Amino acid sequence: LSRSCALTGSPRRSDLKRLAAYAKDPLDKSALMRMASKEGKEEYKDKVVGGHVGFVDVISKLCPSISMTLEHFIGVCPRLLPRYYTISSSSAVHPDSIHLTVAVTQTTKRDGGVYMGVCSSHLANMKEGGTVSVFCRDSSFRLPADSARPIVLIGPGTGVAPMRALLQERSHQSLHLGLPVGENVLYFGCKRPDQDYIYRDELAKFKKDGVLGELRVAFSREGERKVYVQHLLAQNSAETYNLIHEEKASVYVCGGTKMGHDVSDALRSIVSEEGKMSGDEARSYLDGM
């Protein structure tokens with residue numbers, strides 16, 4: 025079941041409606057139907073999503089009067105969907121293997137229990153030599169056809185995964201193929217330098233070898249003020265605009281949704297201020313890149 029069914033993920037409202045048919049207690053049935061309704065949307069968000077209540081939790085804790093056969097359980101429980109990770113290595117440098125950069129998802133639930141990410145915890149607990157089913161799909165992250173074109177990489181946390189792969193590729197182009205390679209600038213972010221500065225030695229080597237022109241790291245828990253990658257972009261406003269506008273640099277961003285919005289806002293402000301454009305003009309300019 026654990027390989028096919030989403031046992032720990034929060035059920036959808038439509039799933040709650042289906043589960044209600046198996047509730048023996050009228051109060052359980054009523055609660056499930058209420059949260060499945062349009063009027064109970066906020067209650068559903070608070071109790072189920074906000075409380076990290078999984079599908080099995082609904083049956084065993086939230087509404088324990090639910091009773092069904094294994095056949096019906098399999099029919100009602102959502103399928104376990106694949107998890108997507110960006111490959112963090114270059115096939116030119118590592119032709120016989122792929123590298124992943126995975127942070128184990130771990131959240132304390134309201135009831136004191138711990139929610140563990142299904143795939144990340146599974147990978148973390150695997151033994152050397154173990155196997156896992158995988159498939160690959162095309163990536164939207166591709167280096168410029170012209171190797172001399174600069175690139176600006178923005179990837180805090182595990183968002184550095186594709187940036188590492190791109191830097192390995194640029195290193196291969198420069199040091200092994202002898203191609204002219206444009207400037208590479210990386211904006212990375214983590215909490216503290218001694219806690220979660222992943223790939224620190226490798227990034228330092230890229231810098232030493234001249235592959236990485238600028239390595240700018242934001243530490244969000246190091247000082248009194250939280251510093252994120254968008255703050256470092258703003259501090260280097262003129263240089264960033266010159267790379268984008270004059271040198272036609274390609275910009276790559278990877279990370280959480282909020283970070284993506286914050287970086288987009290920072291880039292829009294940079295283009296607006298440095299390029300003397302209105303907000304709408306700056307937005308159109310970036311959309312056209």
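Last residue of the sequence shown: 313 in our numbering, with the numbers rising by one and none dropped.
C-beta atoms are modelled at their ideal positions from N, C-alpha and C, and glycine is treated no differently.
Note that the structure is a prediction, hence the values are computed from the model and not measured.
Which residue or residues does DSSP assign as beta-bridge partners of T131? Here residue 131 is taken as the residue at index 107 of the sequence shown, counted from 1. The partner list for T131 (beta bridge, DSSP) reads Y139.
With a threshold of 8 Å, are at least 3 pairs of Cβ atoms found where one atom belongs to the segment 277-289 and the other to the segment 233-242? no
With DSSP run on the structure shown, which of helix, strand or coil describes V295? Locating residue 295 in the sequence shown gives position 271, where the first residue counts as 1. Here V295 sits in helix by DSSP.
Using the rule of at least 16 other Cβ atoms within 10 Å of the residue's Cβ for burial, across every protein chain shown, is N149 buried or exposed? As a first step, residue 149 must be located in the sequence shown, where it is residue number 125. Classification of N149: exposed, given that the 10 Å Cβ count is below 16.
Rounded to whole angstroms, what is the Cα-Cα separation between R107 and S115? To locate residue 107, count along the sequence shown from 1; it is residue 83. To locate residue 115, count along the sequence shown from 1; it is residue 91. Distance between the alpha carbons of R107 and S115 is about 21 Å.
Rounded C-beta distance between L177 and N208? I'm assuming under 8 Å. Here residue 177 refers to the residue found at position 153 when the sequence shown is read from its first residue. Here residue 208 refers to the residue found at position 184 when the sequence shown is read from its first residue. That belief holds up - the Cβ atoms of L177 and N208 are roughly 7 Å apart, short of 8 Å.
Out of Y109, R103, L239, A47, which has the shortest C-alpha to C-alpha gap to I83? The count along the sequence shown starts at 1 and reaches residue 83 at position 59. The shortest C-alpha separation from I83 is found at A47.
Chain-order list of residues whose beta-carbon lies under 6 Å from that of A242 (same chain, five-residue window excluded): Stepping through the sequence shown from its first residue, residue 242 is reached at position 218. Correct list, in chain order: G213, V251, Y252, V253, L256.
C-beta contact flag for T129 and G141 at 8 Å: For the purposes of this step, residue 129 is identified with residue 105 of the sequence shown, where counting begins at 1. For the purposes of this step, residue 141 is identified with residue 117 of the sequence shown, where counting begins at 1. In this structure, G141 lies closer than 8 Å to T129 by Cβ.
Using three-state DSSP, classify F97 as helix, strand or coil. Against the sequence shown, residue 97 aligns to sequence position 73. F97 falls in the helix class under three-state DSSP.
Give a yes or no on whether the minimum CB-CB distance between M57 and chain C is below 8 Å. Of the chains in the structure shown, none is chain C; there is only one protein chain.
Three or more C-beta pairs below 8 Å linking the segment 197-205 and the segment 293-301: no
How would you call L43, buried or exposed, if buried means at least 16 neighbouring beta carbons within 10 angstroms? Here residue 43 corresponds to residue number 19 of the sequence shown, with the count starting at 1. Classification of L43: buried, given that the 10 Å Cβ count is 16 or more.
What are the residues that DSSP puts in a beta bridge with R12? Nothing in the structure corresponds to residue 12, since the chain is present only between 25 and 313.
Pick from Y309, S288, L40, L227: whose alpha carbon is nearest that of V80? Taking the first residue of the sequence shown as position 1, residue 80 is located at position 56. Per the Cα distances, L40.
Would you check if there are 3 or more beta carbon pairs closer than 8 Å linking the segment 30-39 to the segment 88-108? yes
Which residue from R292, E193, M283, T281 puts its Cα closest to that of H269? Position 245 of the sequence shown, counted from the first residue, corresponds to residue 269. Selected option, being the one with the closest Cα: R292.
Grab me the residues of G284's own chain with a C-beta within less than 7 Å of its C-beta, minus the 5 sequence neighbours each way, in chain order. For this step, residue 284 is matched to residue 260 along the sequence shown. Closer than 7 Å at the Cβ level, and outside the excluded window around G284, lie V277.
Span separating the alpha-carbon of E238 from that of C87: Numbered from 1 along the sequence shown, position 214 holds the residue referred to as residue 238. Numbered from 1 along the sequence shown, position 63 holds the residue referred to as residue 87. Computed Cα separation, rounded: 55 Å.
Nearest to I127 by CA position, among A185, E248, A228, is which residue? Your numbering for residue 127 matches position 103 in the sequence shown. The identity of residue 127 in the sequence shown is Ala, whereas the question assumes Ile. With distances taken between Cα atoms, A127 lies closest to A185.
The beta strand (DSSP E) that contains S244, what's its start and end? In the sequence shown, the residue the question calls residue 244 occupies position 220. Careful: S244 lies outside any beta strand (DSSP E) and carries neither H nor E.
Report the CB separation of D135 from S89 in whole angstroms; it is logged as a contact under 8 Å. Within the sequence shown, the letter at position 111 stands for residue 135. Within the sequence shown, the letter at position 65 stands for residue 89. D135 to S89, Cβ: 19 Å. No contact.
Whose C-alpha, out of K85, L25, S121, is nearest the C-alpha of H96? Here the question's residue 96 lines up with position 72 in the sequence shown. The option with the nearest alpha carbon to H96 is L25.
Need the endpoints of the beta strand (DSSP E) that G64 sits in, please. Within the sequence shown, residue 64 is the residue found at index 40, counting from 1. Neither: G64 is in no beta strand (DSSP E) and is coded neither H nor E.
If you check the beta carbons only, do S341 and A228 fall under 8 Å apart? The requested residue 341 is not part of the displayed model; the chain covers only 25 to 313.
Ends of the alpha helix (DSSP H) at G303? Your numbering for residue 303 matches position 279 in the sequence shown. From DSSP, the alpha helix (DSSP H) with G303 extends over 303-311.
Taking the CB atoms as reference points, tell me whether R37 and M57 lie closer together than 8 Å. The residue labelled residue 37 in the question sits at position 13 within the sequence shown. The residue labelled residue 57 in the question sits at position 33 within the sequence shown. Against a cut-off of 8 Å, the Cβ pair of M57 and R37 comes out as no contact.
Taking 7 Å as the limit between beta carbons, can you name the residues of its chain near R216, skipping five residues before and five after? By 1-based counting over the sequence shown, the position of residue 216 is 192. Excluding positions up to five away in sequence, the list reads F243, R245, E246.
Within the continuous alpha helix (DSSP H) that includes V253, where are the two ends? Stepping through the sequence shown from its first residue, residue 253 is reached at position 229. Its alpha helix (DSSP H) spans residues 253-259.
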